[in-house]
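Per the working numbering: the sequence shown = residues 13 to 228. Idealized CB from N, CA, C, for every residue including glycine. Read through the structure below, which is laid out as structure tokens, and then see the notes.
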Amino acid sequence: MTDHQQITDDEAAALFEPPAWDERYTGQENVWSGKPNPQLVTEVAGLTPGTALDVGCGEGGDVIWLAQQGWTVTGADFSANGLARAARHAAQAGIADRVDWWQVDARAFAADGRSCDLVTSHYLHPPNGGMVEVTRRLADAVAPGGYLLVVGHAPSMDLPQLTASHRRAMFLAEDLLSGLPDDFEPLVVEQRPRTMTREGTTVDTHDSTLLARRRL
Numbered sequence: 013m014t015d016h017q018q019i020t021d022d023e024a025a026a027l028f029e030p031p032a033w034d035e036r037y038t039g040q041e042n043v044w045s046g047k048p049n050p051q052l053v054t055e056v057a058g059l060t061p062g063t064a065l066d067v068g069c070g071e072g073g074d075v076i077w078l079a080q081q082g083w084t085v086t087g088a089d090f091s092a093n094g095l096a097r098a099a100r101h102a103a104q105a106g107i108a109d110r111v112d113w114w115q116v117d118a119r120a121f122a123a124d125g126r127s128c129d130l131v132t133s134h135y136l137h138p139p140n141g142g143m144v145e146v147t148r149r150l151a152d153a154v155a156p157g158g159y160l161l162v163v164g165h166a167p168s169m170d171l172p173q174l175t176a177s178h179r180r181a182m183f184l185a186e187d188l189l190s191g192l193p194d195d196f197e198p199l200v201v202e203q204r205p206r207t208m209t210r211e212g213t214t215v216d217t218h219d220s221t222l223l224a225r226r227r228l
């Protein structure tokens with residue numbers, strides 16, 4: 013989501029596109045904490061490591077955590093600057109040999125023969141309810157017996173800078189079920205409470221969390 017205050021819907025729509033994120037990642041300071049997202053840790057910590065794909069990986073915090081747990085990971089994002097940052101962070105963490113990088117827009121993502129034991133995406137919010145179609149694309153990359161984990165902001169998030177465009181991009185976990193192919197079994201479909209701090213403001217929010225497994 014954006015940290016811009018009182019922006020118009022047209023400006024908000026532009027913030028969903030690669031140029032805006034390339035600009036955001038040009039500064040010296042990290043945009044995100046570098047820590048793994050909490051729902052990733054909750055759902056994946058007990059799985060046997062294999063191959064993983066993280067779509068919308070940003071600066072690579074989740075990719076690095078997965079690699080440190082023994083996964084072989086591909087980090088995918090539509091921002092070249094974000095991927096460059098992620099690669100630097102992976103090298104600094106000493107796990108560059110366990111990861112690779114893929115520049116791709118999740119809205120046009122195609123598995124292209126990739127078949128992973130885990131496909132994950134956190135806080136990816138394409139505009140106008142586009143996450144259902146993205147979920148369908150992500151599911152195509154899951155190997156039989158593998159897992160799909162999709163997490164995002166629920167519409168209950170209450171921050172003053174959010175526009176109507178932002179709210180249309182949010183989703184409930186159950187909204188994504190229509191994007192799952194028939195051979196997937198939903199395991200977790202819920203909104204999980206979480207406290208977050210943004211621009212010095214602490215708010216209670218919910219993580220819409222969908223975990224599904226592809227049948228063998």
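In terms of alpha-carbon separation, which member of Ala96, Leu223 and Ala108 lies closest to Gln265? Any question about residue 265 goes unanswered here, given that the chain covers just 13 to 228.
Gly68 beta carbon less than 8 Å from that of Ser133: Residue numbering aside, residue 133 sits at position 121 when the sequence shown is read from its first letter. Residue numbering aside, residue 68 sits at position 56 when the sequence shown is read from its first letter. Pairing Ser133 with Gly68 gives a Cβ-Cβ distance under 8 Å.
What is the DSSP secondary structure of Glu55, reduced to helix, strand or coil? The residue labelled residue 55 in the question sits at position 43 within the sequence shown. Three-state DSSP puts Glu55 in a helix.
Answer with buried or exposed for His16, where buried requires no fewer than 16 other C-beta atoms within 10 angstroms of its C-beta. Counted from its first residue, the sequence shown places residue 16 at position 4. Caution applies to His16, whose pLDDT of 39 falls short of 50 and renders its modelled position unreliable; the model cannot decide the point.
Quick one: what does DSSP say Asp124 is sitting in, helix, strand or coil? Indexing the sequence shown from 1 puts residue 124 at position 112. Reduced to three states, the DSSP call for Asp124 is coil.
Apart from the five residues just before and just after Thr63, which ones in its own chain have a Cβ nearer than 6 Å to its Cβ? The residue given as residue 63 occupies position 51 in the sequence shown. Counting only Cβ-Cβ distances below 6 Å, and skipping sequence neighbours, we find Thr84, Cys128 and Asp129.
N- and C-terminal bounds of the alpha helix (DSSP H) containing Leu228: Position 216 of the sequence shown, counted from the start, is the residue given in the question as residue 228. Looking at the DSSP string, Leu228 is not in any alpha helix (DSSP H), and its letter there is neither H nor E.
Do you know whose CA, among Leu188, Thr213 and Glu197, lies nearest Gln203's CA? Mapped onto the sequence shown, residue 203 falls at position 191. For Gln203, the nearest C-alpha among the options comes from Leu188.
Alpha carbon to alpha carbon, what distance is there between Arg148 and Pro139? Counting from one through the sequence shown, the residue named residue 139 turns up at place 127. Counting from one through the sequence shown, the residue named residue 148 turns up at place 136. Taking the CA atoms as reference points, Pro139 sits about 16 Å from Arg148.
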